[in-house]
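Chemist: Residue numbers (the working numbering), protein chains in the order written: chain A, 2 to 144; chain B, 1106 to 1227. This is the structure I have questions about; it appears just below.
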């Protein structure tokens, strides 16, 4: 049997009444991103640093119950307002580096955002190149 | 934030292959002998047996022996863990996107209020 799969994919789609540009910018503007991205209802945002260029990094730190939870990553693709790809690591929970892809499609009114979070499952970090992708919905439909 | 544990890698390996998914789909309709399972596929019995072994290692199928016959059946339990993990990740992102939408709508409402005040003050 050949190389095993190593990725699990989670995909969600949501519509917004705001324009594609505003929804896109909300991911990269530190003032906006700090208010919702990786924010939890009881947490307190303590640091939002965003270097919004390809190869640039971000660091978003929220204090939850007295402990800092860091979200760190790099921007891989920035194509305003259609597509944004960045890596994500949350060291408090896992050493795993995952990839998040945001695709935004303008509608007559507002836009539709599709988010794909590609996680390398534990134990597979060493062999990430050969790969298959399992789309959640296919998986659900087959089973 | 509590996180559901990731499913074991064997579950993902097993589900990665379309033949194995179709074997599972067949077994979800009732137990079957290995030879019956192999019939619809254009591959050797040996190749099908390999797929079955992968599914057994992932505990997605059970084997029951009755004399010389081996009957296979579907065990959905490992999928519950995989599904729970995916559902937890999905709901996490959904709640973030909900927060984004709420934020943008609040901005719009604030802009509208400011415009109204401006109109009145004219």
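Just so it is clear, CB atoms sit at the ideal spot from N, CA and C, and this is done for glycine as well.
Are any of the Cβ atoms in chain B nearer than 8 Å to that of residue 9 of chain A?
Modeler: Yes - at least one Cβ of chain B is within 8 Å of the one on residue 9 of chain A.
Chemist: Go through its chain and collect everything with a Cβ distance to residue 1161 of chain B's Cβ below 7 Å, but skip five positions before and after it.
Modeler: Hits under 7 Å: 1168.
Chemist: For the pair the segment 29-41 of chain A and the segment 1138-1147 of chain B, tell me if three or more CB-CB distances fall below 8 Å.
Modeler: Cβ pair count under 8 Å is below three, so no.
Chemist: Does the separation of the CB atoms of residue 103 of chain A and residue 84 of chain A fall below 8 Å?
Modeler: Against a cut-off of 8 Å, the Cβ pair of residue 84 of chain A and residue 103 of chain A comes out as a contact.
Chemist: Helix, strand or coil: which one does DSSP assign to residue 1136 of chain B?
Modeler: Looking at residue 1136 of chain B - three-state DSSP - the assignment turns out to be coil, as it is neither helix nor strand.
Chemist: Please look up how many angstroms separate the CB atoms of residue 91 of chain A and residue 77 of chain A, rounded, as I've assumed it's under 8 Å.
Modeler: 17 Å between Cβ atoms; not a contact.
Chemist: Select from the segment 102-117 of chain A all residues with a C-beta closer than 9 Å to any C-beta belonging to chain B, and list them in chain order.
Modeler: Those residues of the segment 102-117 of chain A that come within reach of chain B (Cβ to Cβ, closer than 9 Å) are 114, 116.
Chemist: How should residue 122 of chain A be labelled, buried or exposed, when 16 other C-beta atoms within 10 angstroms of its C-beta is the threshold for buried?
Modeler: Because the pLDDT of residue 122 of chain A is 47, which lies under 50, any placement of that residue in the model is unreliable, and the number read from its coordinates should be weighed accordingly. By the 10 Å Cβ count, residue 122 of chain A comes out buried.
Chemist: Between residue 131 of chain A and chain B, is there a C-beta pair that is closer than 8 Å?
Modeler: With a pLDDT of 25 at residue 131 of chain A, under the threshold of 50, the modelled position of this residue cannot be trusted, and the question is left open.
Chemist: Could you confirm whether any beta carbon from chain B is found closer than 8 Å to the beta carbon of residue 55 of chain A?
Modeler: Residue 55 of chain A does not count as touching chain B.
Chemist: I want to know whether the segment 1192-1204 of chain B touches the segment 110-120 of chain A - three or more CB-CB distances under 8 Å.
Modeler: Counting Cβ pairs under 8 Å, three or more are found: they touch.
Chemist: Which residue from A:47, A:36, A:27, A:46 puts its Cα closest to that of residue 53 of chain A?
Modeler: Here the closest residue by C-alpha is A:27.
Chemist: Would you say residue 1201 of chain B reaches chain A, if we count a Cβ-Cβ gap shorter than 8 Å as a contact?
Modeler: Chain A, which has a Cβ nearer than 8 Å to the Cβ of residue 1201 of chain B, makes this yes.
Chemist: Quick one: what's got a C-beta closer than 8 Å to residue 1198 of chain B's C-beta in the same chain, skipping five residues either side?
Modeler: Contacts found: none.
Chemist: When you compare only the Cα positions, how much space is there between residue 11 of chain A and residue 1183 of chain B?
Modeler: Using only the alpha carbons, I get a separation of about 18 Å.
Chemist: Does any residue of chain A have a CB that is nearer than 8 Å to the CB of residue 1137 of chain B?
Modeler: Chain A contact via Cβ: absent.
Chemist: When you check each C-beta in the segment 1134-1162 of chain B against every C-beta of chain A, which residues fall closer than 7 Å?
Modeler: Cβ contacts with chain A: 1155, 1159.
Chemist: Is it a yes or a no for the segment 37-44 of chain A touching the segment 1204-1212 of chain B, going by three-plus beta-carbon pairs under 8 Å?
Modeler: The segment 37-44 of chain A vs the segment 1204-1212 of chain B: in contact.
Chemist: Expressed to the nearest angstrom, what Euclidean distance is found between the alpha-carbon atoms of residue 1154 of chain B and residue 22 of chain A?
Modeler: Straight-line Cα distance between these residues: approximately 53 Å.
Chemist: Give the DSSP bridge partners of residue 59 of chain A, in chain order.
Modeler: According to DSSP, residue 59 of chain A bridges with A:51, A:74.
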